[in-house]
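Visitor:
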Amino acid sequence: MFDATVTSGAEFKDAALLRPIEETSRNFYYVVAGLSLVVLIAAVMFVRQVWFGLGVTGMNQPVTWGFYIVNFVFFIGISHAGTLISAILRLSKAEWRRPITRMAEVITAIVLAIGGLHPIIDLGRPDRVLNVFTSGRLQSPLLWDVVSISAYFTASTVYLYVPLIPDIAILRDRGTKPEWLYAFLSWGWQGTPHQHKVLERAINILMVMVIPIAISVHTVISYIFSMTLQPGWHSTIFGPYFVVGAIFSGIAALLIVMIVFRRLFHFEAYLKEIHFAYLGNLLLVMSLLWFYFTFSEYLTGFFGHEPFEMKVFWYKFTGPYAPYFWVMVSCNFLIPLSLLTFKKRNIIPKVLTASIAVVIGMWLERLIIVVPTLANTHLPSPVGIYIPSLVEWSLFLGGVAAFALGFAFFSKFFPLISIWEIQEGRERSVADVTERLQQYLPTESGGNVEVLSV
Amino acid sequence: MNGKTIFGLQVASLVLIWVLVILIGIWVVNLLRLSYELPDVPSATFGISIIAVPVFVTIAGILTYVFIGLQKGKEKE
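Top line first, the protein sequences correspond to chains Y and L.
Numbered as in our numbering, the first sequence ends at 577 without a single skipped number.
Numbered as in our numbering, the second sequence ends at 1307 without a single skipped number.
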């Protein structure tokens, strides 16, 4: 059992992880003030929208879904960064996960809260969300979304909180202020063997539980589109296509956050190049998978050559949305492929560039899915035009600022890298990995290969 | 803030989580009742309900298990 009781003095090796909590620079206040201003402007714009109605947006007939639904799908997709990746890495006992999981889990909790608000913003009359409780139809994919996102948010928050308990206890024992908050949240943690056993068991159950919930969330979101009979939406592969896209954008967002906070908080000793190389490989794999699904999706539509399907197809490939479409293909496939295939040198700049490209590309993908289908109706009406208004842009930027603000606040109160897992890794990982290797590897004895008995 | 107050708040937060789960249960039952009343595909509604409610109950159960386990695992002072 590792000893995490040494929480202060020279023996405490991970003081660097607590520095952002115990010391606040002037820049922190400037950043918080700037981000708060953007959020405030977004809030004012939202009040304006409630006051004047959805007429202040660029949405109209026939394009009745715009930025809000695009951002909803995008933010919920980013949320897959966290809990899903963290759970998969924990489940597969990837030792390099230790400094990554916490940041991934924080991303999930924050973007889920932001993403989940977007359909309410899209309603125009936010009070009507109460209809979901009084007279919702649980057999509608829209209600499945409400249920699965609520379940994912609850599970992710618990999955963030439970592994945080030992670190909160470290802050409590160091007398970090507000002391009452850390005493309240640490739930009496003392690091006894029984408590470790309970915590590990709970984390194990949660990580198994959270994976199907995460997958269900984006599958259900895809159903909002694919359960309709609209060209460009009615597709059987939309579920896995959305899940792949979500994990893809999630990894990219996680890499950006890791690089930014590594630089800001000087986490170079914890987040090493190898972490970026491994996650970069994962990003490359997801890029190839994304391309495979995109190719499959469009080839099937093109081969069928159904007139309405083709109207949407050409709208994206050569029509008004062609610039967005080809930028999306470049950002999601060409740029990651060219940067991440050969990355022996300058790993971090390459991974950062690829990740930023993927986040932009995945946002464009959501835009390309939502708008062109609505613009090209079955009716003999002119093709719809959608130009987002200042209100929609403000709320989009407000969402991004709220995410950054949430992350900044979290970093002010809790360690962004799991201290106890790092300590556990130092004490146990080498022995654990050696033991596992002895189980995996066959040994040669007398010319014959025989597997070591365990 | 003394230890007893903090412990009381911790118990209260756990109770609050269960209240939330019960409210979710009541909400789902209400929608189920509505779908039977309106003959609006109650079978599908029932199918979703039996997946959704246990998820929330399990999450709350895990939190309760952690809380009780951590209290039991404390060293006696």
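We put the beta carbon where it would ideally sit given N, CA and C, even for glycine.
1. Name the two residues that bound the continuous alpha helix (DSSP H) containing HIS398 (chain Y).
2. Between the C-alpha atoms of VAL155 (chain Y) and THR557 (chain Y), what's the straight-line distance to the nearest angstrom?
3. How close, in whole Å, do the beta carbons of VAL285 (chain Y) and PHE530 (chain Y) come, if the pair is a contact with beta carbons under 8 Å?
4. Run down chain L in chain order and give the residues with a C-beta less than 9 Å from the C-beta of ILE347 (chain Y).
5. Since TRP303 (chain Y) and ILE1236 (chain L) are thought to touch, with beta carbons under 8 Å apart, how far apart are those beta carbons, to the nearest angstrom?
6. For GLU146 (chain Y), which option in Y:ARG549, Y:LYS535, Y:ILE545 has the closest C-alpha, if you only look at C-alpha atoms?
7. What does TYR1295 (chain L) touch in chain Y if you count any residue whose Cβ is under 9 Å from its own?
8. Name the two residues that bound the continuous alpha helix (DSSP H) containing PRO547 (chain Y).
9. Mind reading off the beta-carbon distance from VAL450 (chain Y) to THR180 (chain Y)? Whole number of angstroms is fine, and I expect it under 8 Å.
10. Can you give the Cα-Cα distance for PHE125 (chain Y) and MET332 (chain Y), rounded to whole angstroms?
11. In whole angstroms, give me the CA-to-CA distance for ARG324 (chain Y) and ILE1292 (chain L).
12. Look at the Cβ atom of HIS389 (chain Y), then the Cβ atom of ILE223 (chain Y), and state whether they are nearer than 8 Å.
13. What separation, rounded to the nearest whole angstrom, lies between the Cα atoms of PHE195 (chain Y) and GLU432 (chain Y)?
14. Entirely within the stretch 191-230 of chain Y and at least 4 residues each: give me those alpha helix (DSSP H) ranges in chain order.
15. Anything in chain L within Cβ reach of LEU141 (chain Y), meaning under 9 Å, just list it in chain order.
16. Just mark GLU1305 (chain L) as buried or exposed, buried being the case when its beta carbon has 16 or more other beta carbons within 10 Å.
17. Would you kindly work out how many angstroms separate the C-alpha atoms of LEU246 (chain Y) and LEU177 (chain Y), rounded to a whole number?
18. Shortest alpha-carbon distance to ARG468 (chain Y) belongs to which of Y:ALA400, Y:ASN254, Y:PHE533?
19. So, are the CB atoms of ILE382 (chain Y) and MET409 (chain Y) less than 8 Å apart?
20. Compute the beta-carbon to beta-carbon distance between LEU406 (chain Y) and SER461 (chain Y), rounded to the nearest angstrom, for a pair I have assumed lies under 8 Å.
21. Just reading off the alpha helix (DSSP H) that VAL255 (chain Y) is part of, what are its end residues?
22. Is the Cβ of THR476 (chain Y) closer than 8 Å to any Cβ of chain L?
23. Tell me which residues share the same chain as HIS341 (chain Y) and place their Cβ nearer than 6 Å to its Cβ, disregarding the 5 neighbours each side in the sequence.
24. Which of the residues in the stretch 234-260 of chain Y, read from start to end, lie with their CB under 7 Å from any CB of chain L?
25. Is it true that the CB of ALA232 (chain Y) sits closer than 8 Å to the CB of LEU266 (chain Y)?
26. Answer with yes or no whether the minimum CB distance from GLY1255 (chain L) to chain Y is below 8 Å.
27. Within the same chain, show all residues whose beta-carbon is closer than 6 Å to that of ALA165 (chain Y), passing over the 5 residues directly before and after it, in chain order.
28. Start and end of the alpha helix (DSSP H) containing LYS473 (chain Y)?
29. Taking the alpha helix (DSSP H) that GLY1299 (chain L) falls in, what are its first and last residues?
30. Is the distance from the Cβ of ARG213 (chain Y) to the Cβ of MET330 (chain Y) below 8 Å?
31. Tell me whether TRP174 (chain Y) is buried or exposed, calling it buried when 16 or more other Cβ atoms sit within 10 Å of its Cβ.
32. Between VAL1271 (chain L) and chain Y, is any beta-carbon pair separated by less than 8 Å?
33. Any Cβ of chain Y within less than 8 Å of the Cβ of VAL1285 (chain L)?
34. Run the CB neighbour count on PHE256 (chain Y), radius 10 Å, all protein chains shown included, and call it buried at 16 or more, exposed below.
35. Anything in chain L within Cβ reach of THR315 (chain Y), meaning under 8 Å, just list it in chain order.
36. Please classify GLY1277 (chain L) as buried or exposed, where buried requires at least 16 other C-beta atoms within 10 Å of its C-beta.
Guide: Result, derived from the coordinates:
1. 396-427
2. 45 Å
3. That belief does not hold up - the Cβ atoms of VAL285 (chain Y) and PHE530 (chain Y) are roughly 20 Å apart, past 8 Å.
4. Going along chain L, no residue has its Cβ under 9 Å from ILE347 (chain Y), so there is no contact; the nearest lies around 15 Å.
5. 7 Å
6. Y:LYS535
7. VAL321, ARG324, ALA325, ILE328
8. Checking the displayed sequence, the identity of residue 547 (chain Y) turns out to be Glu instead of Pro. Looking at the DSSP string, the run of the alpha helix (DSSP H) that includes GLU547 (chain Y) is 542-547.
9. Not confirmed; about 24 Å, so no contact.
10. At PHE125 (chain Y), the pLDDT of 46 sits below 50, so the modelled position is not reliable; the number obtained from the coordinates is stated separately. Taking the straight line joining both Cα atoms gives about 26 Å.
11. 9 Å
12. no
13. 25 Å
14. 206-214
15. Simply none; closest approach about 22 Å.
16. exposed
17. 8 Å
18. Y:ALA400
19. no
20. Not really, about 13 Å apart at Cβ, beyond 8 Å.
21. 253-258
22. no
23. PHE365, VAL366, ALA369
24. PHE256, SER258, GLY259, ARG260
25. no
26. no
27. SER517, LEU518, GLY521
28. 470-498
29. 1272-1302
30. yes
31. exposed
32. yes
33. yes
34. exposed
35. GLY1303, LYS1304, GLU1305
36. exposed
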